[in-house]
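What follows is a single structure, written as structure tokens, with notes after it.
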Amino acid sequence: MRKTTAGWMTLLALLVLTAGVWAQSEQPPAPKTEPAPAADHSKEILVKMGTRVVTVGQIEAEFARIPPQFVSHFNDPQRKKDYVQNIVDRMVFAEEAKVQGLMEREDIKEKINSYAERILYTEYLKTATDGLQVTSAEARAYYEANPNEFVTPERIHARHILVKSEEEAGTVKAELDKGADWNELAKKYSVDKSNAERGGDLGFFSRGRMVKEFEEAAFTMNPGEIKGPIKTQFGFHIIKLEEKQAAQTQDFAQAEKAVTSKLMTQKREAKLQEIRNQLGTKYDVTVNWDKVNDIKVGSGVAAPGRPGSTPTPVPIGQRPRTVVPAEQPPVKK
Numbered sequence: 073m074r075k076t077t078a079g080w081m082t083l084l085a086l087l088v089l090t091a092g093v094w095a096q097s098e099q100p101p102a103p104k105t106e107p108a109p110a111a112d113h114s115k116e117i118l119v120k121m122g123t124r125v126v127t128v129g130q131i132e133a134e135f136a137r138i139p140p141q142f143v144s145h146f147n148d149p150q151r152k153k154d155y156v157q158n159i160v161d162r163m164v165f166a167e168e169a170k171v172q173g174l175m176e177r178e179d180i181k182e183k184i185n186s187y188a189e190r191i192l193y194t195e196y197l198k199t200a201t202d203g204l205q206v207t208s209a210e211a212r213a214y215y216e217a218n219p220n221e222f223v224t225p226e227r228i229h230a231r232h233i234l235v236k237s238e239e240e241a242g243t244v245k246a247e248l249d250k251g252a253d254w255n256e257l258a259k260k261y262s263v264d265k266s267n268a269e270r271g272g273d274l275g276f277f278s279r280g281r282m283v284k285e286f287e288e289a290a291f292t293m294n295p296g297e298i299k300g301p302i303k304t305q306f307g308f309h310i311i312k313l314e315e316k317q318a319a320q321t322q323d324f325a326q327a328e329k330a331v332t333s334k335l336m337t338q339k340r341e342a343k344l345q346e347i348r349n350q351l352g353t354k355y356d357v358t359v360n361w362d363k364v365n366d367i368k369v370g371s372g373v374a375a376p377g378r379p380g381s382t383p384t385p386v387p388i389g390q391r392p393r394t395v396v397p398a399e400q401p402p403v404k405k
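Residue numbers (the numbering used here): 73 to 405.
Rendered as structure tokens:
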């Protein structure tokens, strides 16, 4: 059936093209016209159940919220039908659940209230922070006040072959000096199995990422140079330097987007804290933060309370804040 349809489409296209050639030989070309706007189907009724309706536009709005990587999934006509059928099922089954009195169950009421609370929370935050903005001047001021944040330190790209003894390291170095293939020797000798199959490739790294002895040797090398054996707590290394990248500083044009995003996050957090303080007072909210350790997660046992401590209610606006560093310290290998 598809082949037949494709054949008709091809034939139709040829007929249209041929007709155009004939028309050109008999009369001057018609003036160009703007293409007609696509028909608007958004208000058309797609599903009707009693007095309730779902329009094409409402479904399109739902599709608009789908992450871009999944949009193509619904280009298939059958999947669109399945999606609409799911909506019909949801409407009909929910209506029957109401008829059967499920809405009166306490556990159902709790779930509904919980979902409603989450939705209202999200929408309220959107409304409360909608007017926040970061100007280009603010971004530039931050950029100029924090120059060190926009410097990429010197980095190198190195490989290594790690062995357990100095004698074995000498053997590897001797074979390399005779022209042996680095990658083959890495596969054969290196005990660092995390990268041996990749020729001991360590990728790019900056200072502070490797143990001191390895770092001091590697950062004094030139691209293409092989050095070793270098002794560390892990054994003996033969090091090969592939590339060096000098320290670089981002200019404002390169950094502006990231700076704006960071400042916007800070403004949102400040606004959230302001709202938290105001509403915590308005609704007389207190939280016993010392009781948090008594909360069981899964099947775990609650952590013991601190000896001699007395739980003290703390107004929600004064909740202690945990500051998380922007970047964790490097893990040395």
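No residue lacks a Cβ here, since even glycine has one placed at the ideal position from N, Cα and C. Keep in mind it's a predicted model, so treat the numbers as computed, not measured.
- Per DSSP, the beta bridge partners of LYS120 are VAL125.
- Boundaries of the beta strand (DSSP E) harbouring PRO301: 298–304, taken from the DSSP string.
- Within the same chain, and ignoring the five residues on either side of HIS229 in sequence, the residues whose Cβ sits closer than 7 Å to its Cβ are GLY275, PHE276, GLU314, GLU315.
- Boundaries of the beta strand (DSSP E) harbouring PHE277: 273–278, taken from the DSSP string.
- Here MET163 has VAL119, MET121, ARG124, VAL126 as same chain residues with Cβ atoms under 8 Å from its own Cβ, once five neighbours each way along the sequence are excluded.
- By the neighbour-count criterion, in which a residue is buried when 16 or more other Cβ atoms sit within 10 angstroms of its Cβ, VAL171 is exposed.
- Assignment of THR224 by DSSP, reduced to helix, strand and coil, places it in the strand class.
- Closest in C-alpha terms to ASN158, from the list ILE131, LYS183, VAL369, SER266, comes ILE131.
- VAL235 and GLY307 have their C-alpha atoms roughly 6 Å apart.
- Bridge partners of LEU313 according to DSSP: ALA230.
- Here the alpha carbons of ALA258 and GLY272 stand approximately 6 Å from one another.
- In this model, GLU178 and THR353 are separated by some 30 Å (Cα to Cα).
- Unbroken alpha helix (DSSP H) stretches of 4 residues or longer found wholly inside the stretch 166–231: 178–201, 208–217, given in chain order.
- Between the stretch 190–208 and the stretch 294–308 there are fewer than three inter-stretch CB-CB distances shorter than 8 Å, so the stretches are not counted as touching.
- Residue ASP249 holds the alpha-carbon nearest to the alpha-carbon of ILE298 among TYR355, ALA211, ASP249.
- In the displayed model, GLY251 falls within coil according to three-state DSSP, outside both helix and strand.
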